[in-house]
Every structure is written in structure tokens, then in C-alpha cells.
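**Student:** Take this structure, written in C-alpha cells, and hold onto it; I'll ask about it next.
And the structure:
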């Protein structure tokens with residue numbers, strides 16, 4: 001087969017035309033994502049690329065500032081949450097006896113799940129029959145209500161109260 005010089009020249013021209021069209025499409029895509037200015041067509045391609053570089057660098061700086069701001073805000077939220085948890089560090093309880101019914105209200109932080117179980121254990125050890133137990137979560141605190149049947153003795157509520165005080169002091173230590 002004979003090499004035709006006009007065929008190879010036309011092949012090169014076709015390849016070059018395709019390359020230019022591809023570059024034109026890429027420049028068009030680049031310009032479409034940049035903020036629009038009044039007369040972008042009058043700017044040379046190297047200047048357009050320079051503007052794109054500057055724009056991308058500014059976006060990177062803004063991104064770093066936003067990451068730093070997010071980190072600072074996250075630290076503030078963590079410290080506030082930690083201080084709120086410190087306020088509820090020691091569980092609190094209130095016992096009220098009305099005849100043979102004993103109501104125990106226990107307020108704990110979110111991470112004091114075992115205190116509820118220990119409170120139930122103490123109540124059962126003291127001979128209480130638990131009728132109802134419920135809880136409500138409010139922000140970073142858990143409010144437990146326990147209703148029990150107890151003997152109508154004066155010492156029952158005070159004994160339970162003393163044991164729960166010791167339990168709450170032990171859980172914080």
C-alpha cells in the first residue's frame with residue numbers, strides 16, 4: 001500500500017480540529033462554573049484560566065475558614081454539653097410515702113442507666129412491690145418515676161431513702 005501524503009495531512013487536521021473542539025468545550029464548562037462577570041468573552045483564555053485559578057484558591061481559603069469555624073462551634077457545643085452533664089453529675093431522688101404507696105422520683109444524667117436498676121434492687125430488698133415504673137428524657141436528663149406498695153411503717157421510707165442516698169453518693173465517687 002502506498003502512503004498518501006494528503007491522507008495523513010487530513011488525518012492530522014481532523015485530530016487537531018477534534019482537540020480544539022474538546023478544549024473549547026472544556027473552557028466553556030470551566031466558564032460555566034465560575035461566577036459571571038460582565039464581559040468574559042473579551043478576556044483571553046490564559047486570563048480566564050488565571051481567574052479560574054484565583055477563584056479556586058479563594059474557595060479553598062473559604063473552605064479552610066469554614067472548617068475552622070465548624071471546629072470552634074463543635075468545641076463550644078461539647079463544652080456546654082459537658083458542663084450540663086456536670087450539673088447533673090450526681091443523681092437526685094425524692095421519696096414520698098402516702099399510706100402504703102411509695103413514690104420514688106429519680107433524676108439522672110443520660111449515662112446513669114445502672115442507677116435505675118440499683119434503685120429497683122434496693123426497693124425489692126426492702127420488701128416493696130413495684131407497681132409501676134416509667135421514665136421521661138428531657139434534654140440531657142432522665143426522670144424516672146417508680147410507684148411501689150410498701151408496709152405502712154414509718155421506718156420503711158426513711159430506710160429506703162438512706163440506702164438510695166448511699167447509692168447516689170457511691171455512683172458519683
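Numbering (the UniProt record's numbering), first residue to last: 1 to 173. All residues carry an ideal CB built from backbone N, CA and C; glycine is no exception. Values in this document were obtained by computation on a predicted structure and should not be read as measured data.
(1) Counting only the same chain and skipping the five closest in sequence on each side, list residues whose C-beta sits under 7 angstroms from that of residue 94.
(2) Rounded to whole angstroms, what's the CA-CA distance from residue 96 to residue 149? Just pull it up for me.
(3) Tell me the DSSP secondary structure of residue 7 in three-state form.
(4) Taking residue 109 as the reference, which of 138, 133, 126, 16 has the closest Cα?
(5) With burial defined as no fewer than 16 other Cβ atoms inside 10 Å of the residue's Cβ, what is the status of residue 123: buried or exposed?
(6) When the Cα atoms are used, what is the spatial distance from residue 52 to residue 28?
(7) Tell me which residue opens and which closes the alpha helix (DSSP H) that residue 118 is part of.
(8) Kindly list the residues whose CB is nearer than 6 angstroms to the CB of residue 163, restricted to its own chain and excluding five residues on each side of it in sequence; keep chain order.
**Tutor:** Inspection of the coordinates gives the following:
(1) In the chain shown, counting from the first residue as 1, residue 94 sits at position 94. So the list reads 105, once near-sequence residues are dropped.
(2) To locate residue 96, count along the chain shown from 1; it is residue 96. To locate residue 149, count along the chain shown from 1; it is residue 149. Those two C-alpha atoms are separated by around 12 angstroms.
(3) Within the chain shown, residue 7 is the residue found at index 7, counting from 1. Helix at residue 7.
(4) Stepping through the chain shown from its first residue, residue 109 is reached at position 109. Of the listed residues, the one whose Cα sits closest to residue 109 is 138.
(5) Position 123 of the chain shown, counted from the start, is the residue given in the question as residue 123. The residue is buried, with at least 16 neighbouring Cβ atoms inside 10 Å.
(6) Looking up residue 52 in the chain shown gives position 52. Looking up residue 28 in the chain shown gives position 28. For residue 52 and residue 28, the distance between alpha carbons rounds to 12 angstroms.
(7) Start at 1 with the first residue of the chain shown, and residue 118 comes out as number 118. Unbroken alpha helix (DSSP H) run through residue 118: 113 to 125.
(8) Along the chain shown, read from residue 1 onward, the residue named residue 163 stands at position 163. Correct list, in chain order: 122.
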